[in-house]
Structure formats: structure tokens, C-alpha cells
DNA sequence: CAAAACTACGTAGTTGGCTACATATATCCA
DNA sequence: TGGATATATGTAGCCAACTACGTAGTTTTG
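Chains as they are written, first to last, in the numbering used here: chain A, 11 to 167; chain B, 11 to 167.
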């Protein structure tokens, strides 16, 4: 039993990160094993474009919950892989509109069964007595109502 | 409502990381607000040393669940801050034994009330219908029994 | 309708974790 | 007991997120 497990709550940020990293790495392995040239971090962008078809850079960033510079670097990778393409918005010349290429759309089709298996496996792992996904959602909701910092302020009085 | 929230499980790694980052940042703000020169990432090391008094580098790494190089870089920072000090183990010259300095011990005392408030606030946030900390523990346990990759293999058949 | 404010995108540089590799010491076993 | 193996530490460099800042185009407003 290590200490971090004992003190729990104060190191929760550390533990969230550790778990995230573990799942990410295994996810990468699963794609590799299935001969799919795909990285877990691309999933949010690809899936978003699969559903919404065409979006600007900042719109994607908002959808996936990343900063826009992070999103730009993801998009660069995906463009290099020819999974997405982009063009300037004629109505608003500041915007760059992103869509999946034919290759990108094929990739989505190819990945569907893998995603299904991954979903099942992840559910096995996370759908326990305390459902991890729901716990995350509930925590996020609480944070939206009032942030960690604000709560600490009030508790201190 | 953004897409990542809808697809949930497949982006769980992303969401864990996002939540972790959010809590870490607010944590830093709380220390700053209380005029304590301390970073959230130092917590696991400091707390470990507070409890165990004297440990080697690798022992600390194991306790906090980090790789030893990451631990070394944390220790370097803490040594620079004069929060910890270290000496060679006379019985095993490979080892470097780490302890809290007087300043480090004072810091722990000073931080106790802040930690208490933080614990309470974190409990408000995470102790919902599905307790986040317990959900993490349960997921980690499941992963120990069988990894994500192995599960996906078996489900695929 | 021009100046101010705002929005979209991009680049540069930081951060906090990691793996891979190198070296020194300790332990084990033929 | 000395050569192979294992362990402890350290360095270098990678990676994927971030913030801060700059530029260009759009919208608002006095």
C-alpha cells in the first residue's frame, strides 16, 4: 500500500493523470495491434468531425475542450496524415474550415468495430460500484457551479 | 453540450486529464492565496517524507507512483527550495537518502490547515453519487486484474 | 464611417510527465 | 572469488498539454 493511496483526496489530481496516461497508452497499443495507424489523442477531433462534418479551428477546440493552440497542433498532425483537409471560410476570412478527407472517412469506418470493443473494455473497467465516467461528470458539474478555489475560500471563511 | 461529453467513454482519458489539470491549477491558486510558496506537484513527495521521514530516491518514486527520473527532478526543485536535503547511505553507497529540512518540516505545519480546507473542498466536489476517488480506486483495481489491452483482445476474440 | 473592441488563428516558449540510455555499486552463483 | 546480473541513480531528449503574445479580419459604437 503506498502513501498516495492513503492520503487520497489531496493527491487526486496526480491520480487522475496517472490513470489517464495508463488508458492512453493501452489505447495506442490496441490501435497498433489492429494495424490502424491512429493515435488515441486524435480521437476527439476525428469523432467531432465525423459528427459535425465541418468546423473551424476554434469550434473544434471548444468541442474537444482543448486550447486552440493544442488543437492546431493536432490538426497539423492530422493534415500531414491526410486525414483532414481545410479551406478558408469565404464569409469570414479569419476562419479555417476543417473537414475529413476521403481517407479520414474510411478510417472512421475501419475504426468503428475497434471503438466498439474499446468501449466494452472501458466499461468493464470503469463501470464499477462507483461509475468513473459518471463520477467525472458529477465532479465537473460541481466545479461549474463553484470552483475548487472558491469553495476553499468559503470553507476557510 | 459538447461532443466529448456525449461519446464519453472513448474519450475518458482526455477527460481525466482535463479534470486533473483543472484541480491542479486551482490548487496552485489556493497555496498562492495563502502566501505559501508551494506547488501542488510537490505534495506527494513532501507528504511521503512527512510520514516516512527518510527514504531513497527510488523508494519515493514508488510511493508517489512516478518514474524515478520524474522524481529526481521534483527532488531537485525541493532541494533548491531547501525543503529537503539528502545524504549518501553509508550501508549502500548507491543510495541517496532524502529527509525534510527544518524549513520543510515548518512548511508542513504551516500547510496543515490549508490541506484540511482543500480536503473538505475536494470532498464537496468529488464525493457525489458516484464517488470519484472510489471510482478511481475501483478502476485501478480492475486494471491490475486485467489491463485494458488484454480485455480488448479477449472481447474481440 | 473611422476608431476601438473583439474574434480567429498562429507561433514561441514553458511545463511536467515519460522512456532510453549510461554509470556505479551491490549481490549472486559457478 | 570474480564474472554475470541486478539495483540505484543520473542525464538527455521526447511529448502533449498549456499560456502569452502577435497579426489579421470582423463587428460595434461614438
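Glycine residues also receive a C-beta, built at the ideal position from the N, C-alpha and C atoms.
* Asked: Can you tell me the Cα-Cα spacing of residue 160 (chain A) and residue 105 (chain B), whole angstroms?
  -> 43 Å
* In whole angstroms, what separates the C-alpha of residue 132 (chain A) from that of residue 19 (chain B)? -> 7 Å
* To do: For residue 65 (chain B), I'd like the list of residues in its chain whose CB is within less than 8 Å of its CB, leaving aside the five on either flank, ordered along the chain.
  => 58, 59, 73, 107, 108
* Which chain A residues sit within Cβ distance under 8 Å of residue 157 (chain B)? -> 36
* To do: Please check the pair residue 113 (chain B) and residue 93 (chain B), which I expect to be a contact at CB under 8 Å, by giving their CB distance rounded to whole angstroms.
  => 6 Å
* **Residues bridged to residue 109 (chain B) [DSSP beta-bridge criterion]** => B:95
* Asked: Thinking just about the alpha-carbon of each residue, which of A:62, A:44, A:146 is nearest to the one in residue 124 (chain A)?
  -> Looking at the Cα atoms, A:44 is the closest of the given residues.
* **Short-range partners of chain A found in the stretch 52-72 of chain B, where Cβ spacing is below 9 Å** => Answer set for the stretch 52-72 of chain B: 53, 54, 57, 58, 61, 62, 72.
* Asked: Among B:162, B:69, B:128, which has the Cα closest to the Cα of residue 37 (chain B)?
  -> Of the listed residues, the one whose Cα sits closest to residue 37 (chain B) is B:128.
* Under the DSSP definition of a beta bridge, which residues are partnered with residue 66 (chain A)? -> A:107
* Of the residues that make up the stretch 137-156 of chain A, which ones have a beta carbon closer than 7 Å to any beta carbon in chain B? -> 138, 139, 140, 141, 142, 143, 144, 145, 146, 148, 149, 150, 152, 153
* **Integer Cβ distance of residue 89 (chain B) from residue 96 (chain B), believed to fall under 8 Å** => 7 Å
* In chain A, what lies closer than 8 Å to residue 106 (chain B) by C-beta? -> The premise fails here: residue 106 (chain B) is roughly 19 Å from chain A at the closest Cβ pair, so nothing lies under 8 Å.
* **Under 7 Å between C-beta atoms of residue 23 (chain A) and residue 33 (chain B)** => yes
* **Short Cβ contact (7 Å threshold) for residue 29 (chain A) with residue 26 (chain B)** => Residue 29 (chain A) places its beta carbon less than 7 Å from that of residue 26 (chain B).
* **Min CB distance residue 81 (chain B) to chain A below 7 Å** => no
* To do: For residue 133 (chain B), return the contacting residues in chain A, with the cut-off set at a CB-CB distance below 7 Å.
  => 19
* Asked: So what's residue 139 (chain A) in DSSP terms, helix, strand or just coil?
  -> coil
* To do: Could you give the DSSP three-state label for residue 147 (chain B): helix, strand or coil?
  => helix
* Are residue 140 (chain A) and residue 141 (chain B) close, meaning C-beta to C-beta below 7 Å? -> yes
* To do: Could you work out which residue in A:76, A:69, A:121 is closest to residue 49 (chain A) when comparing CA atoms only?
  => A:121
* Hey, out of B:91, B:137, B:163, B:67, whose CA is closest to residue 103 (chain B)'s CA? -> B:67
* Asked: Taking 7 Å as the CB-CB cut-off, is residue 122 (chain B) touching chain A?
  -> So, not an interface residue.
* Straight-line Cα distance separating residue 56 (chain B) from residue 41 (chain B) -> 14 Å
* Label residue 51 (chain A) either buried or exposed according to how many other C-beta atoms from any shown protein chain fall within 10 Å of its C-beta, with 16 as the threshold for buried. => buried
* If we cut at 7 Å on Cβ distances, does residue 75 (chain B) have a partner in chain A? -> yes
* Decide if residue 11 (chain A) is buried, meaning its Cβ has at least 16 other Cβ atoms within 10 Å, or exposed. => Because the pLDDT at residue 11 (chain A) is just 38, under 50, the model does not fix this residue reliably, and the point stays unresolved.
* Write down the C-beta distance between residue 130 (chain A) and residue 165 (chain B) rounded to the nearest angstrom, noting that I regard them as a contact closer than 8 Å. => Taking C-beta atoms under 8 Å as the contact rule, residue 130 (chain A) and residue 165 (chain B) qualify, at a distance of about 5 Å.
* Asked: What residue range is occupied by the uninterrupted alpha helix (DSSP H) comprising residue 30 (chain B)?
  -> 22-43
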